[in-house]
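**Q** Structure below; questions to follow.
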Amino acid sequence: MDLRLIAAGALAAAVTVLASCGQGSERDPEGQTLARQYACLSCHGQNGEGGTGPAWKGLYGSTVTLQDGSTVVVDDEYLRTSVINPGAQIPQGVTVPMPVNPNVTAEDLEKIIEYIKSLADA
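Under the working numbering, read the sequence shown as residues 52 to 173, first letter to last.
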């Protein structure tokens with residue numbers, strides 16, 4: 052077999068792997084932009100790393116213990132409820148309640164949730 056063909060195949064595979072690394076916020080830039088517009092990132096971190104509010108990186112699909120001791124798996128419904136009714140299911144360790152933002156539209160909320168989902172394996 053021609054070594055140039057093998058080298059070209061290896062290079063193509065390496066480029067594919069490297070192109071998928073570090074996508075983070077590029078996975079859903081519209082959701083990230085909306086999260087910035089609604090000031091979500093001022094508490095949850097510019098790249099979802101957390102701050103005053105819980106981190107979004109690795110959040111989706113994880114199990115969260117709530118202040119009442121119960122647990123919940125973070126899914127679309129949990130995230131939706133957390134934005135619409137922030138006091139309904141407060142995670143343990145959260146000391147600053149998330150403010151209600153009545154300006155977030157249902158469509159924008161879904162895009163922000165998609166952004167949070169894109170950070171699940173970040």
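Heads up, the beta-carbon is just placed ideally off N, CA and C, and yes, glycines get one too.
Of all the options K108, Y89, P105, L170, which has the alpha carbon lying nearest to the alpha carbon of P153?
**A** Taking the sequence shown and counting its residues from 1, the one referred to as residue 153 is at position 102. Minimum Cα distance to P153 is reached at Y89.
**Q** Using CA atoms only, rank isn't needed, just tell me which of L92, S169, A171, T156 is closest to M149.
**A** Counted from its first residue, the sequence shown places residue 149 at position 98. Checked all of L92, S169, A171, T156; the closest Cα to M149 is L92.
**Q** Can you tell me the Cα-Cα spacing of G112 and V124, whole angstroms?
**A** To locate residue 112, count along the sequence shown from 1; it is residue 61. To locate residue 124, count along the sequence shown from 1; it is residue 73. The alpha-carbon atoms of G112 and V124 are separated by roughly 6 Å.
**Q** Along the alpha helix (DSSP H) that carries T103, what are the first and last residues, could you check?
**A** Here residue 103 refers to the residue found at position 52 of the sequence shown. That residue, T103, is in no alpha helix (DSSP H); it is neither H nor E in DSSP.
**Q** Measure the beta-carbon distance from P105 to P142 and round it to whole angstroms, keeping in mind my assumption that it falls under 8 Å.
**A** Locating residue 105 in the sequence shown gives position 54, where the first residue counts as 1. Locating residue 142 in the sequence shown gives position 91, where the first residue counts as 1. With 8 Å as the limit, P105 and P142 qualify as a contact, their Cβ atoms being about 6 Å apart.
**Q** Taking only the alpha-carbon atoms, compute the straight-line gap between T116 and T146 and give it to the nearest angstrom.
**A** Translated into positions along the sequence shown, residue 116 becomes position 65. Translated into positions along the sequence shown, residue 146 becomes position 95. Looking at the two C-alpha atoms, the distance is approximately 14 Å.
**Q** Among the residues of its own chain, which have a CB less than 6 Å from the CB of L110, if the five just before and after it don't count?
**A** Here residue 110 is taken as the residue at index 59 of the sequence shown, counted from 1. Contacts found: V125.
**Q** In its own chain, which residues sit with a C-beta less than 6 Å from the C-beta of K168, not counting the 5 before and 5 after it?
**A** Translated into the one-based positions of the sequence shown, residue 168 becomes position 117. The answer, listed in chain order, is Y111.
**Q** State the Cα-Cα distance for the pair A173 and G120, rounded to the nearest angstrom.
**A** As a first step, residue 173 must be located in the sequence shown, where it is residue number 122. As a first step, residue 120 must be located in the sequence shown, where it is residue number 69. Looking at the two C-alpha atoms, the distance is approximately 27 Å.
**Q** The beta strand (DSSP E) with V124 in it runs from where to where?
**A** To locate residue 124, count along the sequence shown from 1; it is residue 73. Residues 122–124.
**Q** If you drop the 5 nearest sequence neighbours on each side, which residues of the same chain put their C-beta closer than 7 Å to that of L130?
**A** Counted from its first residue, the sequence shown places residue 130 at position 79. Around L130: I164, I167.
**Q** Taking just the CA atoms, how far does E161 sit from G144?
**A** Indexing the sequence shown from 1 puts residue 144 at position 93. Indexing the sequence shown from 1 puts residue 161 at position 110. Spanning the two alpha carbons is a distance of roughly 26 Å.
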